[in-house]
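Report on the structure given below.
2 protein chains.
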Amino acid sequence: MKKLINNPTHVVDEMIEGYVKAFPKHVKLLPENKRSIVTAKETRPEKVGVLIGGGSGHEPAFMGYVGDGMADGVAVGNIFASPPPDPILEVTKEIDKGAGVVYIYGNYAGDVMNFGMAAELADLEYGTNIGTVLVTDDVASAPKEEKEKRRGIAGEFFVTKAAGAAADKGYSLDDVVSVAKKANEYTRTMGVGLTPCSLPQTGKPSFELEANEMEIGLGHHGEPGIEKGELQPADRVADRLVQEILNDMPIGSGEKVAVLVNGLGSTTQMELYIMFRRVEQILSEKGIEIHRSYVGSYSTSLEMGGCSVTITKLDDELMELVDYPADCPMYVQR
Amino acid sequence: MKKLINNPTHVVDEMIEGYVKAFPKHVKLLPENKRSIVTAKETRPEKVGVLIGGGSGHEPAFMGYVGDGMADGVAVGNIFASPPPDPILEVTKEIDKGAGVVYIYGNYAGDVMNFGMAAELADLEYGTNIGTVLVTDDVASAPKEEKEKRRGIAGEFFVTKAAGAAADKGYSLDDVVSVAKKANEYTRTMGVGLTPCSLPQTGKPSFELEANEMEIGLGHHGEPGIEKGELQPADRVADRLVQEILNDMPIGSGEKVAVLVNGLGSTTQMELYIMFRRVEQILSEKGIEIHRSYVGSYSTSLEMGGCSVTITKLDDELMELVDYPADCPMYVQR
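Here is the structure:
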């Protein structure tokens, strides 16, 4: 394990310090927990607050997505670990402008517990109305009939995008929650892992694979996938990932989608574009129209090797929200 | 070597195909060479054309930087190899709107030869006025007295940014060349390598280092650096990189700079922010003001591990050009 770090115990705090120093016009750190980051810009009164968060190690998710048209604040956890309720609560108080706050987070036990506790405390202590949106886009993590048990991975990007744009456009809390839930409902992700990452504190690999093996459906903390096998050519991998998604969420000819081909950390952009090339071919053959494409590292697992494909079906409302501009330190859309 | 590719011989063509399919509103492929990409938007008459290019494997450099406020076109070479004159010429012809075209490329023998030949042919065949800007930001690659012999690495981003903004603002060819040369003159980069990349066709590592070694000043194709040694804590590495830059290009208290902490491919954003944290501390202690920060993978070497620090001194003109908006598939600034 070779990493450009100082004391492994301080990686998250030092990362946050660097991040806030890099983008002082965009974000600021709140004083109490040193894990609570909010937009540095003045938020207008009566705007619904959008709060995201989760473990570190997925950068640019989640802290990179604080800014205009996306989230108003983020609670940052340790590597691959949920933030405790305190920073969530600190962010909530700061971004509550009287119209309530929506929490968006991936469906993991720790996050569910901590965001749940924060929501109760926010209600009790400040009377904040909290809406909750659980992200469950990972097709491989539970069967179709139990979508509510699925984990959240790269598709959270589209859920945040929809909620952030809706809040900026003046939607009410109920309406932001409702459209973010729709974005989650319309979003599916399938990943493939090639090489593990290692945690700074232990140096141990997050999973093990043979020299020429890949794992389909691997989770983004190294949770077991649905199938290990020999590494296939990129086109066959893309075929498999897209097929799993379409089996789970049929998309008809003429429908419009947004597509994200996401690198897990150490995968080159060259490989991601080669994967996207095949994804586009498949969808195009089926008459499915790609309205907007995203290719890059949007939700990583430290330096894990591999990628995921996310497809979000777009109705008119979601299309408008996906097209809405955004200005965050780690994601800008004009 | 585990890569998500098909036939190793076709990686560059398939990458380009995927790229152009992903961003059809932004870029288009020219028909002759299949290695010539230009902006899909209508360029206004009399705007100076900005042409970039070089070997593949550095994505998002160079093809990701075609768009409003950056380059009008790019000629794409094989991995770590200069594009031949033909695609350069094809792009030149397409983006020549009567005001001339500026070529911006890194100082490598192959690029110098091929862009030079293309410039001669463009003049002969189409009467296009060509301006040339060689990027020479890599401090480690030649002594201070021979800056013109230095290689170009991540700092090319700022040279392209300055030229692209200047051209968009209506500068003449001579003035675009002049401000881009100033940006190069005011830019220094120092890198550190931790782990090699491997080329898709050979599978061989681009250099060799022991398990706990780093190499200061390593070039972005694996060219030897100035010192191999034991991997140091991030703060010490940052100290060293910044010191080398400041020794080479003194920056006084009160001066303004742009800073890029660039990942070489497989380095996590967490590490880059930890590095940025220390860079900011050093500059801040010296009274140097960071006007704008960039942290991420802006110029990679496939999946190489390590990073580079680039500092560009900003006078009023360069500050205005750095702040100018840009809209490319792989880089957006509002």
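So the sequence lines, in the order shown, correspond to chains V and A. Numbering-wise, the UniProt record's numbering puts 183 at position 183 of the first sequence, and it's gapless, one number per residue. Numbering-wise, the UniProt record's numbering puts 252 at position 252 of the second sequence, and it's gapless, one number per residue. We put the beta carbon where it would ideally sit given N, CA and C, even for glycine. This structure is a prediction, so every number in the text was calculated from the model and none was measured.
On a Cα-Cα basis, can you pick out the residue from the options that is closest to residue i?
{"i": "Asp137/V", "options": "Val257/V, Arg240/V, Gly191/V", "result": "Gly191/V"}
{"i": "Ala238/A", "options": "Gly222/A, His220/A, Met214/A", "result": "Met214/A"}
{"i": "Val38/V", "options": "Pro45/V, Lys25/V, Glu46/V", "result": "Lys25/V"}
{"i": "Ser141/A", "options": "Pro85/A, Glu227/A, Lys181/A", "result": "Glu227/A"}
{"i": "Ser301/V", "options": "Val159/V, Phe158/V, Cys197/V", "result": "Cys197/V"}
{"i": "Ser82/A", "options": "Gly53/A, Pro60/A, Asp68/A, Lys97/A", "result": "Gly53/A"}
{"i": "Glu156/A", "options": "Glu320/A, Asp327/A, Gln333/A, Ile311/A", "result": "Ile311/A"}
{"i": "Leu246/A", "options": "Pro87/A, Arg188/A, Glu271/A, Gly263/A", "result": "Arg188/A"}
{"i": "Val133/A", "options": "Ala167/A, Ser178/A, Lys97/A", "result": "Ser178/A"}
{"i": "Cys328/V", "options": "Glu46/V, Met63/V, Val48/V", "result": "Met63/V"}
{"i": "Val261/A", "options": "Thr9/A, Ile153/A, Asn107/A, Leu124/A", "result": "Ile153/A"}
{"i": "Asn107/A", "options": "Val176/A, Ile88/A, Asn184/A, Arg236/A", "result": "Asn184/A"}
{"i": "Met330/V", "options": "Leu314/A, Glu280/A, Leu272/A, Gly305/A", "result": "Leu272/A"}
{"i": "Gly98/V", "options": "Lys149/V, Asp123/V, Gly219/V", "result": "Asp123/V"}
{"i": "residue 335/A", "options": "Asp175/A, Lys147/A, Ala61/A", "result": "Limits of chain A in this structure are 1 at one end and 334 at the other, which puts residue 335/A out of reach."}
{"i": "Leu314/V", "options": "Ile274/V, Ala180/V, Arg277/V", "result": "Ala180/V"}
{"i": "Asn6/V", "options": "Pro233/A, Ser293/A, Leu241/A, Tyr294/A", "result": "Pro233/A"}
{"i": "Gly229/V", "options": "Glu223/V, Ile216/V, His221/V", "result": "Ile216/V"}
{"i": "Thr43/V", "options": "Tyr19/V, Gly69/V, Glu59/V, Lys21/V", "result": "Gly69/V"}
{"i": "Lys147/A", "options": "Phe276/A, Pro85/A, Asp248/A", "result": "Asp248/A"}
{"i": "Gly225/A", "options": "Arg150/A, Arg277/A, Ala211/A", "result": "Arg150/A"}
{"i": "Val176/V", "options": "Leu194/V, Asn129/V, Ala211/V, Gly219/V", "result": "Asn129/V"}
Taking DSSP as the reference, what is the three-state secondary structure of residue i?
{"i": "Gly265/V", "result": "strand"}
{"i": "Gly306/V", "result": "strand"}
{"i": "Tyr65/V", "result": "helix"}
{"i": "Met319/A", "result": "helix"}
{"i": "Glu120/A", "result": "helix"}
{"i": "Thr128/A", "result": "coil"}
{"i": "Thr189/A", "result": "strand"}
{"i": "Thr92/V", "result": "helix"}
{"i": "Lys313/A", "result": "strand"}
{"i": "residue 342/V", "result": "In the structure as shown, chain V begins at 1 and stops at 334. Residue 342/V is therefore absent and cannot be evaluated."}
{"i": "Tyr333/V", "result": "Before going further, note that residue 333/V is Gln rather than Tyr in the sequence given. The answer is strand: DSSP assigns Gln333/V an E or B state."}
{"i": "Tyr108/A", "result": "coil"}
{"i": "Glu156/V", "result": "helix"}
{"i": "Gly164/V", "result": "helix"}
{"i": "Asp239/V", "result": "helix"}
{"i": "Met275/A", "result": "helix"}
{"i": "Leu194/V", "result": "strand"}
{"i": "Lys169/A", "result": "coil"}
{"i": "Leu260/V", "result": "strand"}
{"i": "Glu208/A", "result": "coil"}
{"i": "Ala183/A", "result": "helix"}
{"i": "Ser253/V", "result": "coil"}
{"i": "Ser301/V", "result": "strand"}
{"i": "Asp137/V", "result": "coil"}
{"i": "Ala99/V", "result": "coil"}
{"i": "Ile282/A", "result": "helix"}
{"i": "Glu244/V", "result": "helix"}
{"i": "residue 360/A", "result": "Given that chain A is displayed from residue 1 to residue 334, the structure contains no residue 360/A and the question cannot be resolved."}
Confirm the yes/no value for this check: CB of residue i, any heavy atom of the ligand GDP, distance under 6 Å.
{"i": "Asn107/V", "result": "In the structure on display, the ligand GDP does not appear, and there are no ligands present to speak of."}
Of the residues that make up the segment 178-197 of chain A, which ones have a beta carbon closer than 9 Å to any beta carbon in chain V?
-> Val192, Leu194, Thr195, Cys197
Between the segment 262-275 of chain V and chain A, which residues of the former have CB atoms less than 9 Å from a CB of the latter, in chain order?
-> Gly265, Ser266, Thr267, Thr268, Gln269, Met270, Glu271, Leu272, Tyr273, Ile274, Met275
Would the segment 69-88 of chain V and the segment 29-45 of chain V be scored as touching if the rule is three or more Cβ pairs under 8 Å?
-> yes
Please name the residues in the segment 17-40 of chain A whose beta-carbon is closer than 8 Å to at least one beta-carbon of chain V, in chain order.
-> Glu17, Gly18, Tyr19, Lys21, Ala22, Phe23
Contiguous alpha helix (DSSP H) assignments of at least 4 residues, all confined to the segment 5-87 of chain A = 11-22
Any chance the segment 151-163 of chain V sits against the segment 95-111 of chain V, with 3 or more Cβ pairs inside 8 Å?
-> yes
Could you name the residues of the segment 221-246 of chain A whose beta carbon sits closer than 8 Å to any beta carbon of chain V, in the order they occur along the chain?
-> Leu231, Pro233, Ala234, Asp235, Val237
Within the chosen definition, does the segment 85-98 of chain A reach the segment 108-120 of chain A through at least 3 CB pairs nearer than 8 Å?
-> Enough Cβ pairs lie closer than 8 Å, so yes.
Stretch-stretch touch, CB-based, cutoff 8 Å, three pairs: the segment 284-292 of chain A with the segment 242-255 of chain A = yes
Three or more C-beta pairs below 8 Å linking the segment 8-17 of chain V and the segment 200-207 of chain A = no
Using a beta-carbon distance cut-off of less than 9 Å, what residues from the segment 293-325 of chain A approach chain V?
-> Going along the segment 293-325 of chain A in chain order, one finds Ser293, Tyr294, Val295, Gly296, Ser297, Thr300, Leu302, Glu303, Gly305, Gly306, Cys307, Pro325 with a Cβ nearer than 9 Å to chain V.
Contacting positions in the segment 151-179 of chain A - beta carbon closer than 7 Å to chain V | none
Quick one, which residues of the segment 44-64 of chain A are near chain V if we go by CB-CB under 8 Å, in chain order?
-> Ser56, Gly57, Glu59, Pro60, Gly64
Can at least three beta-carbon pairs, one atom from the segment 168-178 of chain V and one from the segment 44-53 of chain V, be found at a separation below 8 Å?
-> yes
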